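Protein chains: 2
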Amino acid sequence: MSSSEQPLRRVLVTGGAGYIGSHVIYALQETRRYKVISVDNHHNSTPKSLVRVAQLARDNLPADASEHDRDSAEIDAHQCDLTKPDEVRRVFEKYGKGGIWGVVHIAAYKAVGESTEIPLTYYENNVSATVYLLQIMAEFDCTRMVYSSSATVYGTPPVIPIPETTRLQAESPYGKTKVMCETILGDLCAAEPSRWRAISLRYFNPAGAHPSGRIGEDPLGRPGNLLPLLAHMAVGRVKDSTLKVFGNDYPTPDGTCVRDYLHVLDLAKGHLLSLDALEPGSKVFDNCPTEARYKAYNLGKGRGMSVLQIVDAMRKATGFDFKYEIIGRRRGDVPDLTADPALAEKELGFTAPADLETMCRDLWNWQTKNPNGYDGPDATSA
Amino acid sequence: MSSSEQPLRRVLVTGGAGYIGSHVIYALQETRRYKVISVDNHHNSTPKSLVRVAQLARDNLPADASEHDRDSAEIDAHQCDLTKPDEVRRVFEKYGKGGIWGVVHIAAYKAVGESTEIPLTYYENNVSATVYLLQIMAEFDCTRMVYSSSATVYGTPPVIPIPETTRLQAESPYGKTKVMCETILGDLCAAEPSRWRAISLRYFNPAGAHPSGRIGEDPLGRPGNLLPLLAHMAVGRVKDSTLKVFGNDYPTPDGTCVRDYLHVLDLAKGHLLSLDALEPGSKVFDNCPTEARYKAYNLGKGRGMSVLQIVDAMRKATGFDFKYEIIGRRRGDVPDLTADPALAEKELGFTAPADLETMCRDLWNWQTKNPNGYDGPDATSA
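Those protein sequences? They're chains A and B, same order as listed.
Under full-length UniProt numbering, read the first sequence as residues 1 to 382, first letter to last.
Under full-length UniProt numbering, read the second sequence as residues 1 to 382, first letter to last.
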């Protein structure tokens, strides 16, 4: 370590091997300021993503990289289930009291439809596990968290674009688990304002992949989200090749639902900015109504894209002639979920500059290089 | 068992040794229809209450009681912590799949002020423990629950008396744990409508004791609630003998806060009616907006009593000349929490006939016979 270098700051990322987690780890490692500890139970991810993201970090190092920098490119990865506090405690024990600076808590079950079928599993995995994690963090004097929340906390929002002050009224058990964890974090920061600091990030629709095509979204089974589904269709992984569009009679420009897509690497940078905002000198908590150092921010572009616009953009990116049919509205779908990202821009300096074309191009690059996701060989490795 | 007798129905009562729990067990045993299994970690209770309540049940038996009836007077009591699923599972294993008919889930931490100081402990004990309990119940095909909720789920209600349709907006972590558990129960009943049935009971202010004076409220340390505090003052257990009244400038008849007190035995009967409403033929779920068999009911008298009215009633019951001083309002206090109990009356047949005089008399009877709560000898036993 050269004299100008600060010691690496240990940050634990839960769900580190997943789609969001791997891109957040990429962003953390790119700064060469962090030492990443990843925990993941690989319920919906593979450790291969961590191997690849660490390789990307190594490839980014200059030839004469210091030991400090080389260390920042390695991940301390643990297979570990957050519903088993003993497993989590062992990771913290490895570094001792104060050894881990903060936690980026991404791990969760995330399928809205499934959550209505097995709600207890969602409450256990998303809420009980978060309570345990916070208790163990407190034990080890690790009292900074960046929490992965979701735009679903808004349910059917009364105003578009959606400001953070909108009343939270999630409709699915999944969305409610996110509201509950935000509530718990807020109460904890209010109970111990000199100790705890936390930021919840309400994700809108992350899309795309690292431009190298070495990490990306690799859903189990048929993709539940539109962009990965289109990528799977174009690459020939989905047999039924007609897209079902749920309703074209919504009060939106072309009648199909509108969502706010942002590039996953822009989203990942929002986590870096949030970690910085947990620093002592940070101003983001100055205007909190109580002493609690807790804030929630929307992470979106602030621009809505309709289903048909997405299909069109993916047609251009892939050259694939998507067929679609309009069927009835799907229960639970909200016409428009577009973020008001002004607060995150003002207070965190967050922006999401990548456009839809870039997201589609990067997604398609990942998908063509990895038609079977992480199951195939790493076509991009040297 | 005579031919006219149905087999005893096993009902598990969590928090069975506490103030509410012991009176609920009394009401269950009085019917001679139930076999009570109690689980309690004795965090804020003593197993002595269970010994006494079982003795009351035995005393209620006719001389020629059948074996069936004698069995209904015995409690299968387990010291068991709901945050430790293995301990809970062992209780269910004892009876096997389908062996326990339903659960009355009363156990919880319940101090509003404390919950703002140690919120994680509240979320673990009240929410995570409930998720575990429901998961274990599902494992053992036990899918009926009567859940102890609270009027605190309403926060500062916009309309008095408060109907169940009021938006839930609890203000303390304690109150939020109750909202979360109601939410989880509702989602579970919606996910498996042919399997799960649950009723949440939103308690207003339970008071009084069994008229025998053998069971009653025995708070740890200085009582947090008004009536037990007055009883402790009158019996000489509280040194500082001046009552602090927090504010007399509220928009209420005499300016002090108004609460809806009901006799704990009336409250206990609400649990019996709720268990009946979980039966197959029950009509209470017919008007649910979805197929979910889930309902929430207020349990209150529907009549508000002010702090000064309570002091006056306790003066009459005890003959003690309470001194009080009016001090400033206390943060978090709501002027009026009076139930609209119409729905519980209409659908469950619930009423709370005992008046304030009876509550104060029964409380004072318990307190004089047990000046040190369950720590002293049982002055009333034969």
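A virtual CB, placed ideally from N, CA and C, is assigned to each residue, including glycine.
These numbers were taken from a predicted model, which means no experiment stands behind them.
Is the Cβ-Cβ distance between residue 19 of chain B and residue 216 of chain B less than 9 Å? Residue mapping note: residue 19 of chain B aligns to position 19 of the second sequence, counting from 1. Residue mapping note: residue 216 of chain B aligns to position 216 of the second sequence, counting from 1. Contact: yes.
Grab me the residues of residue 290 of chain A's own chain with a C-beta within less than 7 Å of its C-beta, minus the 5 sequence neighbours each way, in chain order. Sequence index remark: in the first sequence, residue 290 of chain A carries index 290 (1-based). These residues qualify, in order along the chain: 190.
Nearest-angstrom Cα separation, counted from residue 171 of chain A out to residue 237 of chain B: Stepping through the second sequence from its first residue, residue 237 of chain B is reached at position 237. Stepping through the first sequence from its first residue, residue 171 of chain A is reached at position 171. Taking the straight line from one Cα to the other gives about 49 Å.
In chain order, what residues of the same chain have a beta carbon less than 6 Å from the beta carbon of residue 354 of chain A, not counting five sequence neighbours either side? Taking the first residue of the first sequence as position 1, residue 354 of chain A is located at position 354. The beta carbon of residue 354 of chain A sits closer than 6 Å to those of 263 and 266, all from its chain and outside the five residues before and after it, given in chain order.
Our contact map puts residue 119 of chain B next to residue 187 of chain A with C-beta atoms below 8 Å; I'd like the distance itself, whole angstroms only. In the second sequence, the residue the question calls residue 119 of chain B occupies position 119. In the first sequence, the residue the question calls residue 187 of chain A occupies position 187. Contact between residue 119 of chain B and residue 187 of chain A holds, with the beta-carbon distance rounding to 4 Å and staying under 8 Å.
From the DSSP secondary-structure annotation, give me the bridge partner or partners of residue 325 of chain B. Start at 1 with the first residue of the second sequence, and residue 325 of chain B comes out as number 325. According to DSSP, residue 325 of chain B bridges with B:244.
To the nearest angstrom, how far is it from the Cα of residue 325 of chain A to the Cα of residue 243 of chain A? For the purposes of this step, residue 325 of chain A is identified with residue 325 of the first sequence, where counting begins at 1. For the purposes of this step, residue 243 of chain A is identified with residue 243 of the first sequence, where counting begins at 1. Approximately 6 Å, taken between the alpha carbons.
Assigned exposure category for residue 342 of chain B - 16 Cβ within 10 Å defines buried: Looking up residue 342 of chain B in the second sequence gives position 342. Residue 342 of chain B is exposed by the Cβ-count criterion.
Just how far apart, CA to CA, sit residue 254 of chain B and residue 306 of chain B? The count along the second sequence starts at 1 and reaches residue 254 of chain B at position 254. The count along the second sequence starts at 1 and reaches residue 306 of chain B at position 306. The straight-line gap from Cα to Cα measures roughly 7 Å.
Contacts that residue 390 of chain B makes with chain A (C-beta to C-beta distance below 8 Å): There is simply no residue 390 of chain B to check, as chain B begins at 1 and stops at 382 in what is shown.
Helix, strand or coil, according to DSSP, for residue 11 of chain A in the structure here? Reading the first sequence from its first residue, position 11 is the one you call residue 11 of chain A. Strand.
Would DSSP call residue 203 of chain B helix, strand or coil? Counting from one through the second sequence, the residue named residue 203 of chain B turns up at place 203. Of the three classes helix, strand and coil, the one that applies to residue 203 of chain B here is strand, per DSSP.
Would you call the region 48-56 of chain A in contact with the region 291-300 of chain A, where contact means no fewer than 3 C-beta pairs closer than 8 Å? The region 48-56 of chain A is not in contact with the region 291-300 of chain A.
Beta-carbon of residue 301 of chain A versus every beta-carbon of chain B: anything under 9 Å? Counted from its first residue, the first sequence places residue 301 of chain A at position 301. Closer than 9 Å: no.
Considering only residues of the same chain and omitting the five flanking positions on each side of residue 362 of chain A, which have a CB-CB separation below 6 Å? In the first sequence, counting from the first residue as 1, residue 362 of chain A sits at position 362. Cβ within range, chain order: 208, 209 and 211.
Since residue 180 of chain B meets chain A, which of its residues come closer than 7 Å, beta carbon to beta carbon? In the second sequence, residue 180 of chain B corresponds to position 180, counting from 1. By Cβ distance, chain A contributes 180.
Are the Cβ atoms of residue 224 of chain A and residue 260 of chain A separated by less than 9 Å? For this step, residue 224 of chain A is matched to residue 224 along the first sequence. For this step, residue 260 of chain A is matched to residue 260 along the first sequence. No, the Cβ-Cβ distance between residue 224 of chain A and residue 260 of chain A is not below 9 Å.
Proximity of residue 124 of chain A and residue 149 of chain A at Cβ, strictly below 9 Å: Translated into the one-based positions of the first sequence, residue 124 of chain A becomes position 124. Translated into the one-based positions of the first sequence, residue 149 of chain A becomes position 149. No, these two residues do not count as a Cβ contact at 9 Å.
Counting along the chain, where does the alpha helix (DSSP H) carrying residue 91 of chain B start and finish? Position 91 of the second sequence, counted from the first residue, corresponds to residue 91 of chain B. Taken as a continuous stretch (DSSP letters only), the alpha helix (DSSP H) holding residue 91 of chain B covers 85-95.
Helix, strand or coil for residue 191 of chain B per DSSP? The residue you call residue 191 of chain B lines up with position 191 of the second sequence. Assignment of residue 191 of chain B by DSSP, reduced to helix, strand and coil, places it in the helix class.
I'd like to know if the region 358-378 of chain A and the region 8-26 of chain B are in contact, where contact means that at least 3 CB-CB pairs between them fall below 8 Å. With a cut-off of 8 Å, the region 8-26 of chain B and the region 358-378 of chain A do not count as touching, because too few Cβ pairs lie within range.
What does residue 102 of chain B pair with, by DSSP beta-bridge criteria? By one-based count along the second sequence, residue 102 of chain B stands at place 102. Its beta-bridge partners are B:11.
Measuring alpha carbon to alpha carbon, tell me which residue in B:137, B:112, B:74 and B:114 is nearest residue 97 of chain B. For the purposes of this step, residue 97 of chain B is taken as the residue at position 97 of the second sequence. Scanning B:137, B:112, B:74 and B:114 for the CA closest to the CA of residue 97 of chain B turns up B:137.
For a test of the three-state rule: what should DSSP assign to residue 132 of chain A, helix, strand or coil? In the first sequence, counting from the first residue as 1, residue 132 of chain A sits at position 132. Three-state result, residue 132 of chain A: helix.
Which same chain residues, not among the five before or five after residue 220 of chain A, have their C-beta less than 7 Å away from its C-beta? As a first step, residue 220 of chain A must be located in the first sequence, where it is residue number 220. By the criterion of a C-beta distance shorter than 7 Å, residue 220 of chain A is surrounded in its chain by 44, once the five residues flanking it on both sides are discounted.
Compare the C-beta of residue 173 of chain A against all C-beta atoms of chain B and say whether one is closer than 9 Å. The residue you call residue 173 of chain A lines up with position 173 of the first sequence. Under the Cβ criterion of 9 Å, residue 173 of chain A is counted among the residues facing chain B.
Residues from the region 141-159 of chain B in contact with chain E, defined by Cβ distance under 8 Å: Judged by its chain identifiers, the structure shown contains no chain E, and its protein chains are A and B.
Length of the line joining the Cα atoms of residue 177 of chain A and residue 126 of chain A: Along the first sequence, read from residue 1 onward, the residue named residue 177 of chain A stands at position 177. Along the first sequence, read from residue 1 onward, the residue named residue 126 of chain A stands at position 126. Taking the Cα positions, residue 177 of chain A is about 6 Å away from residue 126 of chain A.
Quick one: complete beta strand (DSSP E) runs, 3+ long, within the region 47-91 of chain A? As far as the region 47-91 of chain A is concerned, its whole beta strand (DSSP E) runs of at least 3 residues are 75-79.
Beta-carbon neighbours of residue 323 of chain A, restricted to chain B and to distances below 7 Å: Within the first sequence, the letter at position 323 stands for residue 323 of chain A. Going along chain B, no residue has its Cβ under 7 Å from residue 323 of chain A, so there is no contact; the nearest lies around 34 Å.
Proximal residues to residue 233 of chain B (C-beta, below 8 Å), its chain only, five neighbours per side dropped: The residue given as residue 233 of chain B occupies position 233 in the second sequence. Cβ within range, chain order: 241, 243, 320 and 322.
Distance, residue 41 of chain B Cα to residue 168 of chain B Cα: Here the question's residue 168 of chain B lines up with position 168 in the second sequence. Here the question's residue 41 of chain B lines up with position 41 in the second sequence. Each residue's Cα considered, the two are about 29 Å apart.
Any idea what DSSP makes of residue 39 of chain A, helix, strand or coil? Here the question's residue 39 of chain A lines up with position 39 in the first sequence. Note: residue 39 of chain A maps to strand in three-state DSSP.
If we count Cβ pairs, one from each stretch, closer than 8 Å, do we get three or more for the region 92-108 of chain B versus the region 155-162 of chain B? The region 92-108 of chain B vs the region 155-162 of chain B: no contact.
Give a yes or no on whether the minimum CB-CB distance between residue 188 of chain A and chain B is below 9 Å. By one-based count along the first sequence, residue 188 of chain A stands at place 188. Yes, because at least one Cβ of chain B sits closer than 9 Å to the Cβ of residue 188 of chain A.
Applying a beta-carbon distance threshold of less than 8 Å, which residues of chain B neighbour residue 176 of chain A? Here the question's residue 176 of chain A lines up with position 176 in the first sequence. What residue 176 of chain A touches in chain B, judged by beta-carbon distance under 8 Å, is 183 and 187, going in chain order.
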